[in-house]
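**Student:** The structure is given below, and queries will be raised subsequently.
Residue numbers (the numbering used here): 7 to 207.
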């Protein structure tokens, strides 16, 4: 099987909206060989350049036309390539968890890597450095804690806690208990309730 075919086989197994970098294929060949294969796939229309060093599978919608790569997929590709962790910002977390209708005007991610700005077409994606403690929680725990910080402790109501308890999958709810040590004390009873305790705080 040629290198092109190996890369194409991996693309078929990936999520349709995934964004790739060369590092995602380095187990298949040398850096130079991967680079040349990517160029061939770009010419053949099998891959699309999203930004410098970032690629995705071209997608179209019958009504909208060409679909662009999502900011989350771009950020995830950069995180894989650079070996960094990402967390959603407070306002974005509250929106993602359906706790707020406010949509952040800027595309920002917290990271344990260096601060930088990435331009993708007309979009600007910001990576802001966060303390190791605030980045230490798992994905679900970090998301819930960020949402709580956005709302403020006085607005973390029993109704919102019940919503999160129903929204999060059981495995994510159980992991919240492992992340208690990274949360401020006022969040502990809320996280325990979401994880499965009987009464909200």
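Beta carbons: idealized from backbone N, C-alpha and C, even for Gly. Every value quoted in this text rests on a predicted model; they were computed, and no experiment measured them.
So, under 8 Å CB-CB, residue 196 and residue 167 are touching, yes? Tell me the CB distance rounded to an integer number of Å.
**Tutor:** Counted from its first residue, the chain shown places residue 196 at position 190. Counted from its first residue, the chain shown places residue 167 at position 161. Sure, about 6 Å apart at Cβ, within 8 Å.
**Student:** Sort 81, 104, 21 by Cα distance to residue 3 and report the nearest one.
**Tutor:** Only positions 7 to 207 of the chain appear in the structure, and residue 3 is not among them; the question remains open.
**Student:** Mind checking whether residue 102 and residue 157 have CB atoms under 9 Å apart?
**Tutor:** Here residue 102 refers to the residue found at position 96 of the chain shown. Here residue 157 refers to the residue found at position 151 of the chain shown. Going by C-beta atoms, residue 102 is not nearer than 9 Å to residue 157.
**Student:** Of all the alpha helix (DSSP H) runs that stay within the bounds of the stretch 78-104, which reach a length of 4 or more residues?
**Tutor:** Listed in chain order, they are 96-102.
**Student:** Which residues mark the beginning and the end of the alpha helix (DSSP H) in which residue 200 is found?
**Tutor:** Counting from one through the chain shown, the residue named residue 200 turns up at place 194. Residue 200 -> alpha helix (DSSP H) spans 194-201.
**Student:** Considering only the alpha carbon of each residue, which of 58, 96, 108, 21 lies closest to residue 2?
**Tutor:** The structure shown does not extend to residue 2, since the chain is modelled only from 7 to 207, so the question has no answer here.
**Student:** If you drop the 5 nearest sequence neighbours on each side, which residues of the same chain put their C-beta closer than 8 Å to that of residue 77?
**Tutor:** What you label residue 77 is simply residue 71 of the chain shown in a count that begins at 1. Taken in chain order, the residues that qualify are 113, 126, 129, 131.
**Student:** Count the other C-beta atoms from every protein chain shown that fall within 10 angstroms of the C-beta of residue 32, then say buried if there are 16 or more, exposed otherwise.
**Tutor:** Stepping through the chain shown from its first residue, residue 32 is reached at position 26. Exposed: under 16 other Cβ atoms inside 10 Å.
**Student:** On the three-state DSSP scale, how would you describe residue 163?
**Tutor:** Here residue 163 refers to the residue found at position 157 of the chain shown. Coil, per DSSP.
**Student:** Taking the alpha helix (DSSP H) that residue 63 belongs to, which residues open and close that run?
**Tutor:** Taking the chain shown and counting its residues from 1, one reaches residue 63 at position 57. Per DSSP, residue 63 belongs to no alpha helix (DSSP H) and is neither H nor E.
**Student:** Would you check if the distance between the CB atom of residue 98 and the CB atom of residue 25 is smaller than 9 Å?
**Tutor:** Looking up residue 98 in the chain shown gives position 92. Looking up residue 25 in the chain shown gives position 19. No, the pair does not count as a contact, with Cβ atoms beyond the cut-off.
**Student:** Under a three-way DSSP split, which group does residue 18 fall into?
**Tutor:** The residue given as residue 18 occupies position 12 in the chain shown. In this structure, residue 18 counts as helix in the three-state DSSP scheme.
**Student:** Check each candidate in 163, 170, 30, 203 and name the one with the smallest Cα separation from residue 88.
**Tutor:** The sequence position of residue 88 within the chain shown is 82, counting from 1. With distances taken between Cα atoms, residue 88 lies closest to 30.
**Student:** Residues in the same chain with beta-carbon distance under 6 Å from residue 28, minus the five sequence neighbours each way, listed in chain order, please.
**Tutor:** The residue you call residue 28 lines up with position 22 of the chain shown. Around residue 28: 40.
**Student:** Mind reading off the beta-carbon distance from residue 279 to residue 141? Whole number of angstroms is fine, and I expect it under 8 Å.
**Tutor:** Here the chain has residues from 7 to 207 only, and residue 279 is not among them.
**Student:** Taking the straight line between their C-alpha atoms, what separation do you get for residue 188 and residue 143?
**Tutor:** As a position in the chain shown, residue 188 is number 182, starting the count at 1. As a position in the chain shown, residue 143 is number 137, starting the count at 1. Approximately 6 Å between the Cα atoms of the pair.
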